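In our numbering, the protein residues as written are 134 to 270. A virtual CB, placed ideally from N, CA and C, is assigned to each residue, including glycine. From a predicted model like this one, the values you see are computed outputs, not experimental measurements.
Now the structure itself:
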């Protein structure tokens, strides 16, 4: 019981960080990166890729380290157990119906390009919104 009160006391001794602090910006960038990896994994799932195939594809085409893909994939599995049980069952049944490696690579490259351009457009919009003078609105 003493641990929780000492933890509360310790945390209250640190200054609270504002939303514009470097650590908040880093946390936001990390969350954005994880969200991007999650989005790309979801695209891999649409293409019926295995975890290993997804790790390889994102490493090759999006320069995402396999350990990152694996970690995000594992968290998605924890959060969506029923989905992944059905996914793995379906995946073994449809192995013969999957796209060729060349077709899969082409689709993944297209999806990454689209995702990157969408992310760029959103960040440009956010930058433009942030630079507006509040008096102008």
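Would you kindly check if the distance between the Cβ of residue j and the Cβ of residue i is under 7 Å?
i: residue 191; j: residue 178; result: no
i: residue 176; j: residue 244; result: yes
i: residue 208; j: residue 217; result: no
i: residue 200; j: residue 171; result: no
From what residue to what residue does the alpha helix (DSSP H) around residue i run?
i: residue 207; result: 199-212
i: residue 183; result: Residue 183 -> no alpha helix (DSSP H), and no H or E assigned at all.
Between the Cα of residue i and the Cα atoms of the options, which residue gives the shortest distance?
i: residue 166; options: 242, 221, 235, 195; result: 195
i: residue 182; options: 214, 164, 202; result: 202
i: residue 185; options: 249, 246, 221, 248; result: 221
i: residue 240; options: 213, 215, 162, 187; result: 187
Since residue i and residue j are thought to touch, with beta carbons under 8 Å apart, how far apart are those beta carbons, to the nearest angstrom?
i: residue 237; j: residue 180; result: 6 Å
i: residue 252; j: residue 193; result: 19 Å between Cβ atoms; not a contact.
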